[in-house]
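Student: Residues in the sequence shown are numbered consecutively from 1, following full-length UniProt numbering. The following block contains the structure, expressed as structure tokens.
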Amino acid sequence: MAEALLSAVLGELVSIITELGKQELRLVKDVEKGVSNLRKKLKDIQAVLEDAERKQLDDPSVRRWLGKLKDVSYAINDVLDDWSFEILKSQIPNHVEEEEGDHHQKADLISNKMMTKKKPLSVEKVRHFTLQTPKLGLAKFSTTTSHQNNLHTLFLDCSNSDDDDELVFLRISGNQKYLRTLYLEKCGITKVSEQLGQLIHLRYLNLSGNGSLEELPDEVCDLCNLQTLRIQDCEDLERLPKGMGKLVNLRHLYSFGCHNLKGLPKGIRRLTELRILDRMIIPENNEAYLSLGDLKKLNHLQSHQTVFVIDNCHNLLSMGENKERVLVNWKYLPGLHLIFKQWDREICEDEFGMLETLQPYPGLKNLSITSYRGTNLCPEWMVSLVHLKSLSFSRCRHVKTLPPLGSLPSLEELRVSVCHKVRKIGVEFLGNIKHNSNNVSFPKLKLLGFWSMNNWEEWEDNIETTEHTDDAAGGAIIMPRLDSLEIECCLTLKSLPQYLKLTPLKKLSIWSSNMLCQSLAQSEKEWLKISHIPNIEIDRSLATRRDGKWNYDELARLGVPRAFVHDGNEEDPS
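Spelled out as structure tokens, the structure:
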């Protein structure tokens with residue numbers, strides 16, 4: 001059986017090599033189809049080899065043959081890659097067709113096929129290599145790999161290396177012609193050498209966490225096989241190359257945390273294979289950058305995104321895009337984070353119109369709004385997000401009233417922070433309960449949190465309520481699934497609403513909210529609103545109710561008098 005296997009594999013390899021010889025003489029029409037067919041044959045052979053290797057054939061000679069055949073298959077694969085690159089390069093001025101083969105999972109090799117260099121080893125056949133350079137820099141890498149250039153994956157940890165940036169890339173690009181995956185996260189790189197453009201087979205490039213990196217060279221755009229580019233948290237990065245549109249196979253572009261980027265190159269709109277763009281930057285009146293309207297041409301984006309961040313939303317007005325609703329048709333976008341002008345505290349009522357423009361599809365599940373400068377935070381579309389599960393408002397400094405969020409039927413988590421103009425959370429916050437089914441407000445809310453609400457004084461509860469277990473008509477049911485309530489740095493809040501007593505809260509956390517803490521310590525009525533909650537934490541002191549009884553020492557640390565506690569009989573004295 002082994003002989004038959006080897007004969008079949010050798011026969012296929014000979015046919016491929018013969019075909020390569022013919023094709024090399026005439027790279028004319030149909031060459032792309034020919035290369036694709038050869039690649040399919042090669043994949044079939046590699047699958048047979050890997051299957052045989054897994055079955056651990058006993059004959060040592062067979063194992064040696066398998067090893068040699070595997071090396072040959074790798075070499076042929078590299079040749080095919082060379083040809084594919086030349087074909088692709090010749091087609092870049094036009095719109096290219098998708099290259100056959102699915103490489104966008106190449107990054108998985110990092111986790112499951114890496115080899116870590118801990119002792120001297122023979123590297124002639126190594127394909128996936130990890131090198132840590134705490135003191136020796138890349139000198140060891142140079143000598144170790146000087147006799148072979150077959151690496152497909154290189155994972156460098158040179159965060160403490162003394163090598164300069166040019167040396168890093170010269171050592172890599174000098175030999176490693178066939179690299180597919182290059183991982184240089186948090187390596188302290190301040191400059192990327194033009195030599196990087198020589199790695200024409202590269203599929204995955206990770207430069208994330210190099211905070212002092214200021215720009216990428218134009219030669220990066222020569223990497224037309226590149227499918228994943230990660231540059232997250234390169235905080236000083238000021239620009240991306242204008243020729244990004246040449247990266248015709250790019251599927252994933254991650255740039256969150258690149259705070260100095262003024263925009264994304266206009267050419268990105270030509271990357272029709274792009275699946276993930278984690279961050280869109282609305283430019284300030286500059287046609288050289290990608291606009292929100294350009295996203296309509298990227299048809300794959302909406303079905304592969306996770307959370308889509310749109311930064312500098314305030315520039316929509318100057319770009320003349322404040323009327324076109326691009327996101328409303330993104331049916332498969334699960335999460336959206338809208339960031340307006342950060343660190344600017346001036347009021348801007350025009351931003352309400354921009355907020356209306358950024359209307360998402362009603363199926364959205366997660367929404368965050370940050371640094372909004374308008375006073376109205378309730379566009380018409382917000383209460384129609386019937387599938388929304390998580391909602392966050394942060395640094396919306398001029399908003400005075402929270403939207404009627406109690407009407408959202410699927411909302412499970414709500415976080416509000418740094419909304420300094422909010423003085424009162426009234427009954428309108430609960431939504432139009434009378435028009436809700438079963439008179440329920442926040443029917444699925446589990447987590448509710450308020451942070452740094454400096455001027456929040458009143459949480460109104462002037463509404464008739466009933467317990468969620470009671471079918472009595474007339475009363476409203478409020479937050480029947482609430483599990484956790486967090487209040488932090490709400491300095492002027494004096495009391496909690498009465499309806500909290502009817503919720504199934506399991507944990508209450510209060511931090512740095514002195515007036516509220518005083519009310520709980522001085523008023524038995526206030527204490528009885530929360531005494532049913534089994535876990536109460538106030539300024540790092542925790543009290544837990546066990547078997548229906550409190551530990552008096554724990555309550556004392558919370559400042560709650562023992563006289564307020566009536567185990568087994570906690571009726572409101574009023």
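Each residue gets a CB set at the ideal place from its N, CA and C atoms; glycine is no exception.
Between E215 and the rest of its own chain, which residues show a CB-CB distance below 7 Å, the 5 nearest in sequence each way excluded?
Tutor: Here the set comprises L237, E238 and R239.
Student: For the segment 514-525 against the segment 548-557, are there 3 or more C-beta pairs whose distance is under 8 Å?
Tutor: The segment 514-525, when compared against the segment 548-557, does not touch it at the 8 Å Cβ threshold.
Student: Opposite T544 in the DSSP bridges: which residues?
Tutor: In the DSSP output, where bridge partners are listed per residue, T544 has N535.
Student: Assign Q522 to one of two classes, buried (16 or more other C-beta atoms within 10 Å of its C-beta) or exposed (fewer than that).
Tutor: With fewer than 16 Cβ atoms within 10 Å of its Cβ, Q522 is classed as exposed.
Student: Shortest alpha-carbon distance to K177 belongs to which of K186, C187, D218 and L223?
Tutor: Among K186, C187, D218 and L223, the Cα nearest to that of K177 is on L223.
Student: By DSSP's criteria, V307 is part of a beta bridge. Which residues make up the other side?
Tutor: G335.
Student: Along the beta strand (DSSP E) that carries D157, what are the first and last residues, could you check?
Tutor: Residues T153 to D157.
Student: Got a sec? Which residues, its chain only, sit under 6 Å from V368 by beta carbon, not counting five neighbours each side?
Tutor: Checking the sequence, you will find Ser at residue 368 rather than Val. So the qualifying residues of the chain are H337 and S392.
Student: My output table needs one value for N514: the three-state DSSP class, helix, strand or coil.
Tutor: Of the three classes helix, strand and coil, the one that applies to N514 here is helix, per DSSP.
Student: Roughly how far, in whole angstroms, is the beta-carbon of W459 from the beta-carbon of L496, given that I think they are within contact range, below 8 Å?
Tutor: With a Cβ gap of about 6 Å, W459 and L496 count as contacting.
Student: Residues bridged to W459 by DSSP?
Tutor: Per DSSP, I425.
Student: Among G209, D157 and G293, whose alpha-carbon lies nearest the alpha-carbon of D233?
Tutor: Nearest of G209, D157 and G293 to D233, Cα basis: G209.
Student: Hey, residue 627 and R415: beta-carbon distance below 8 Å or not?
Tutor: Nothing about residue 627 can be reported from this structure: the residues present for the chain run from 1 to 574 only.
Student: Using a 10 Å radius around the Cβ and a threshold of 16 neighbouring Cβ atoms, would you call P283 buried or exposed?
Tutor: Answer is buried; the Cβ neighbour count reaches 16.
Student: When you compare each of L261, E273, L298 and A288 to I281 by their alpha carbons, which one comes out closest?
Tutor: Cα-wise, what sits closest to I281 is L261.
Student: DSSP three-state call for S519: helix, strand or coil?
Tutor: In this structure, S519 counts as helix in the three-state DSSP scheme.
Student: Of the choices R279, G426, A476 and K296, whose alpha-carbon is the least far from that of V307?
Tutor: Cα-wise, what sits closest to V307 is R279.
Student: Using the Cα positions of V326 and P334, report the straight-line distance between them to the nearest angstrom.
Tutor: When rounded, the distance between both Cα atoms is 15 Å.
Student: Would you give the residue range spanned by the beta strand (DSSP E) that T181 belongs to?
Tutor: That run of the beta strand (DSSP E) goes T181 to Y183.
Student: Excluding five sequence neighbours on each side, which residues of the same chain lie with their C-beta closer than 8 Å to the C-beta of L25?
Tutor: Note that L25 scores a pLDDT of 42, beneath 50, so its modelled location is shaky and nothing firm can be said.
Student: For T357, write down the residues that DSSP places opposite it in a beta bridge.
Tutor: Note: T357 sits in no beta bridge, so no partner.
Student: Give me the DSSP bridge partner(s) of N206.
Tutor: Y183 and R230, per the DSSP bridge assignment.
Student: Report, in whole angstroms, the separation of the C-beta atoms of I268 and G245, which I expect to be a contact under 8 Å.
Tutor: With 8 Å as the limit, I268 and G245 qualify as a contact, their Cβ atoms being about 7 Å apart.
Student: How close, in whole Å, do the beta carbons of N206 and Q227 come, if the pair is a contact with beta carbons under 8 Å?
Tutor: In fact, because the Cβ distance is near 12 Å, the residues do not count as touching under 8 Å.
Student: Would you kindly work out how many angstroms separate the C-alpha atoms of residue 584 and I231, rounded to a whole number?
Tutor: What is shown of the chain runs 1 to 574, which leaves residue 584 out entirely.
Student: What residue does the beta strand (DSSP E) around L447 start on, and which one ends it?
Tutor: Start and end: L447 to W451.
Student: With which residues is T370 paired in a DSSP beta bridge?
Tutor: T370 pairs with I339 and S394.
Student: Only counting the same chain, and skipping five residues up and downstream in sequence, which positions put a Cβ closer than 6 Å to that of L121?
Tutor: Residue placement at L121 is flagged as unreliable, the pLDDT there being 47, under the threshold of 50; the coordinate-derived value follows with that caveat. Hits under 6 Å: none found.
Student: In or out: D344 buried (at least 16 other Cβ within 10 Å) or exposed?
Tutor: Label assigned to D344: exposed.
Student: Would the beta-carbon of L247 fall within 8 Å of that of L271?
Tutor: For L247 and L271, yes; Cβs fall inside 8 Å.
Student: Could you check if I425 is buried or exposed, using at least 16 other CB atoms within 10 Å of its CB as the buried criterion?
Tutor: It counts as buried.
Student: For the candidate residues G257, L301 and S291, whose alpha-carbon lies nearest to that of E273?
Tutor: Among G257, L301 and S291, the Cα nearest to that of E273 belongs to L301.
Student: Mind checking E346: buried by the 16 CB within 10 Å criterion, or exposed?
Tutor: It is exposed - the Cβ of E346 has fewer than 16 other Cβ atoms within 10 Å.
Student: Thinking C-beta only, is L493 closer than 8 Å to E524?
Tutor: Cβ atoms of E524 and L493: not closer than 8 Å.
Student: As a quick exercise: from Y204, K296 and N299, pick the residue whose alpha carbon is nearest that of Y254.
Tutor: For the residues Y204, K296 and N299, the minimum Cα distance to Y254 belongs to Y204.
Student: Give me whichever residues DSSP pairs with S484 in a beta bridge.
Tutor: Note: S484 sits in a beta bridge opposite L447 and K507.
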